[in-house]
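Numbering (our numbering), first residue to last: 1 to 363. For each residue, glycine too, the CB sits at the ideal point set by N, CA and C. Let me begin by presenting the structure, written as structure tokens, before commenting on it.
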């Protein structure tokens with residue numbers, strides 16, 4: 001069986017897959033209403049919030065678009081603090097929708113420097129919002145969102161929109177305690193689910209911004225979602241099979257305990273990083289900012305990471321992820337979020353070890 005070690009889509013447990021074979025129901029009927037209320041209550045527990053949380057039938061990028069389009073207006077000044085490809089995507093979405101975006105890019109493999117962010121915000125009082133990615137899967141770096149939010153909210157009183165696609169449910173994130181206005185995430189990451197759903201939370205401050213926001217929105221109009229969710233219905237036809245799976249997965253997550261899920265991810269990540277170093281390879285970011293959902297591994301000069309990935313796949317049926325942009329061929333990435341066991345990590349490490357001589361490492 002293929003050992004899928006990419007940072008999403010992740011392998012889905014058999015019992016969750018089984019729930020997806022449930023027959024369709026009336027998405028405007030009482031059974032769906034009960035399920036939707038149950039699901040949104042469970043999502044709030046994982047998001048650690050009392051805010052509104054919505055289920056979208058879309059990818060995580062759709063939730064990022066919803067975050068932007070529902071809170072901002074064309075011409076509005078915003079800052080996008082980016083530490084990699086997915087941070088850049090957040091800024092690009094805002095730019096396409098007409099926002100006046102200042103990109104603040106930090107070196108690959110590092111986290112947001114809050115002192116630099118503070119300087120940028122202090123230089124322009126007209127900035128109204130900050131966009132930031134919690135966990136950058138291209139570089140394997142996790143931002144300290146609590147510190148970032150403290151600067152954005154406590155020092156400058158700006159709106160903060162968080163891409164939590166690869167972090168929520170896997171890494172510590174306290175939506176209410178950290179005063180996060182919008183948090184977006186997606187099903188194919190730590191939730192042990194297939195792609196197809198996105199989840200987004202909106203604070204009271206975000207709703208106030210939404211009332212004034214003039215960016216175009218229809219499918220992702222969260223005011224419509226709120227009106228419908230309040231009566232236990234979706235505004236549009238939902239992915240019922242994925243919601244059946246979500247309903248069941250949430251019971252597993254909550255039964256395990258959200259903090260225990262976070263710790264499980266921390267333990268498996270530590271095992272992965274230690275194993276990579278024992279092979280003589282370099283974990284790309286510093287340990288202090290290394291992600292607990294994905295490990296990025298830098299290859300020695302002159303060795304193409306994609307060559308190694310091909311050998312690992314062809315010889316051992318283990319799937320590793322490549323890197324994006326300027327890091328293509330220089331790194332490979334190991335996903336260890338959602339449904340993953342120590343045995344799968346050991347299998348992956350063994351496959352990498354056996355494959356290294358075939359690409360000229362330790363031969």
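Taking the C-alpha atoms as reference points, what is the distance between residue 324 and residue 98? Straight-line measurement puts the Cα of residue 98 at about 26 Å from the Cα of residue 324.
Alpha-carbon spacing of residue 11 relative to residue 352, whole angstroms: 20 Å
Let me confirm a value: residue 231 is counted as buried when at least 16 other C-beta atoms fall within 10 Å, else exposed. Which label applies? exposed
Exposure label - residue 31; buried when at least 16 CB within 10 Å: Counting the other Cβ atoms within 10 Å of the Cβ of residue 31 gives fewer than 16, which makes it exposed.
Can you give the Cα-Cα distance for residue 163 and residue 154, rounded to whole angstroms? 20 Å
Excluding five sequence neighbours on each side, which residues of the same chain lie with their C-beta closer than 7 Å to the C-beta of residue 44? 50 and 53
Among 66, 273 and 114, nearest to residue 144 - alpha-carbon criterion: 114
So, with DSSP's three-state summary, where would you put residue 333? When secondary structure is reduced to three states using DSSP, residue 333 falls in the strand class.
Tell me the DSSP secondary structure of residue 92 in three-state form. helix
Straight-line gap, residue 319 to residue 2 (C-alpha atoms, nearest Å): 7 Å
Under 7 Å between the Cβ atoms of residue 24 and residue 240? Yes, they are a contact pair.
Using 8 Å as the cut-off, can you tell me whether the stretch 241 to 259 makes contact with the stretch 271 to 286, which would need three or more C-beta pairs spanning the two stretches below that distance? no
At least three beta-carbon pairs within less than 8 Å, the stretch 66 to 74 to the stretch 202 to 212: Enough Cβ pairs lie closer than 8 Å, so yes.
What number of angstroms, rounded off, separates the C-alpha of residue 105 from the C-alpha of residue 204? Approximately 29 Å between the Cα atoms of the pair.
Taking its Cβ as the centre, do 16 or more other Cβ atoms sit within 10 Å of residue 191, making it buried, or is it exposed? So residue 191 counts as buried.
Residue burial classification, residue 133 (beta-carbon count within 10 angstroms, cutoff 16): buried
CB contact flag (residue 220, residue 65, <7 Å): yes
What's the call for residue 123, buried or exposed, on a 16-neighbour Cβ count within 10 Å? exposed
Compare the beta carbon distance of residue 181 and residue 198 with 7 Å and say whether it is the shorter of the two. no
DSSP three-state call for residue 102: helix, strand or coil? strand
For residue 330, which residues in the same chain have their Cβ closer than 7 Å to its Cβ, ignoring the five residues on either side in sequence? Apart from sequence neighbours up to five positions away, the residues of its chain that approach residue 330 with a beta-carbon distance below 7 Å are 298, 299, 305 and 323, ordered along the chain.
Under 7 Å between the Cβ atoms of residue 312 and residue 355? Yes, the pair counts as a contact, with Cβ atoms nearer than the cut-off.
Which two residues bound the contiguous alpha helix (DSSP H) that contains residue 272? For residue 272, the uninterrupted alpha helix (DSSP H) run begins and ends at 258 to 278, by DSSP.
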